[in-house]
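Asks:
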Amino acid sequence: MRIIKSIHNNAAICADGKEHELIALGTSFGFGTIPREIPFSDIKRTFYGIDPKSLGLVSELTEDVLEFAAQLADPARTISPNLPVTLANHIAFAIKRTRGHMVVEMPLTYDVQQSYLAEYRIKEMAVHGISRTFNVRLPKTEAVGIALSIVSCAIFASAHDAERQKTTERLIEDNTKIVEEKLHITVGRNSFDYARFATHMRYLIGRLIVGEYVSSGAAALLPVLEEGYPYVSACGNAVADFLEKSLDAKLDEEERAYLTLHVNRAFERETSGQA
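Here it is, written out as structure tokens:
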């Protein structure tokens, strides 16, 4: 196995004996001379088929959270090779919100349990595992969010045909231009901030294309966002309006608030001076 690019301290992009690229976890993989050969015995976990656009997420995830998510995703890995990264990203922020006593309402527990039984069972495994591994007891709202992140990943995977992928990438680029215009910033297409924003946009567009609407419990935050972050809120609404027109879909207050939160989260460094 050969390391060809560092992601962070303990993760790197590697090439196997057949020159297939993958992500590998291992102690200090991101340090030292690159490229270099590493023994298989040093590798803790490998990930094949990860979308290159998800690398920005991997770079921000700790090894313990990524490894935990990978173990959790193993029974459902056929959904999408990106599932471990999707789960790890959600779990990392769920833990952060819980430790910070931030509660996001998710009034879909019964619906998820009835409609997505397999995903609900994985969610229950996650709750017990997170409690043991990270000493954090997730509230029910965050736990349901884990199940919904699996559902969203499955929706995107099923809609991943060539034409829809082309449409999705075009919409992401058009929406990025809207963000640049509204917030008066320049977005580097190779930056981690862009990768984070584009990842959320892919999930959102995938859901809208197949008519799947997920309540994030964020609608109550919309007035707060509009008052506290008027520029970012206006940008989020402009993106939402464009998606509605482009996809002949309707984004309710839940989706608009959640979209605005992601715009702010992705570009908070550039927008920190814009109230």
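Numbering (the numbering used here), first residue to last: 1164 to 1438. Backbone N, C-alpha and C fix where the C-beta goes; we use that ideal spot for every residue, glycine too. Model, not experiment: these values are computed from the prediction.
#1: Which of the three DSSP states, helix, strand or coil, is assigned to R1300?
#2: Run through DSSP, which three-state label would Y1253 get?
#3: Along the chain, where does the beta strand (DSSP E) that runs through H1183 open and close?
#4: Any idea if I1309 is buried or exposed, counting beta-carbon neighbours within 10 angstroms, 16 or more meaning buried?
#5: State the DSSP-derived secondary structure class of R1208, mapped to helix, strand or coil.
#6: Relative to the C-alpha of A1232, which candidate in N1427, E1407, F1210 has its C-alpha closest?
#7: Opposite I1176 in the DSSP bridges: which residues?
#8: Can you confirm whether the stretch 1336–1353 touches the stretch 1396–1416 when touching is taken to mean that 3 or more C-beta pairs between the two stretches lie within less than 8 Å?
#9: Quick one: what does DSSP say R1199 is sitting in, helix, strand or coil?
#10: Would you decide whether P1247 is buried or exposed? Buried here means 16 or more other CB atoms lie within 10 Å of its CB.
#11: Could you work out which residue in D1356, L1414, H1363, A1420 is closest to E1431 when comparing CA atoms only?
#12: By the three-class DSSP mapping on this structure, what secondary structure does G1193 have?
#13: Quick one: grab the DSSP three-state call for D1404.
#14: How many Å lie between A1236 and T1304 at the Cα?
#15: By alpha-carbon positions, which one of T1423, D1205, L1385 ends up nearest to L1188?
#16: Would you tell me roughly how many angstroms separate the C-alpha atoms of L1220 and A1255, rounded to the nearest one?
#17: State the start and end residues of the unbroken alpha helix (DSSP H) segment that holds H1425.
#18: By the DSSP assignment, the alpha helix (DSSP H) with E1226 in it spans what residues?
Replies: From the atom records:
#1: DSSP places R1300 in coil when its eight states are reduced to three.
#2: Note on residue identity: the sequence assigns His, not Tyr, to residue 1253. In the structure shown, H1253 sits in a helix (DSSP, three-state: H, G or I).
#3: Here H1183 belongs to no beta strand (DSSP E), and DSSP marks it neither H nor E.
#4: Looking at its Cβ environment, which holds 16 or more other Cβ atoms inside 10 Å, I1309 is buried.
#5: Strand.
#6: Looking from the CA of A1232, the closest CA among N1427, E1407, F1210 belongs to F1210.
#7: Answer by DSSP bridge pairing, in chain order: K1168, I1186.
#8: The stretch 1336–1353 and the stretch 1396–1416 touch, with three or more beta-carbon pairs separated by less than 8 Å.
#9: Under the three-state reduction of DSSP output, R1199 falls in the strand class.
#10: With 16 or more other Cβ atoms inside 10 Å of its own Cβ, P1247 counts as buried.
#11: With distances taken between Cα atoms, E1431 lies closest to D1356.
#12: DSSP places G1193 in coil when its eight states are reduced to three.
#13: It is helical.
#14: Cα to Cα, the separation comes out at about 20 Å.
#15: Closest by C-alpha distance to L1188, out of T1423, D1205, L1385, is D1205.
#16: L1220 and A1255: Cα-Cα distance of roughly 11 Å.
#17: Start and end: 1416–1429.
#18: Taken as a continuous stretch (DSSP letters only), the alpha helix (DSSP H) holding E1226 covers 1226–1236.
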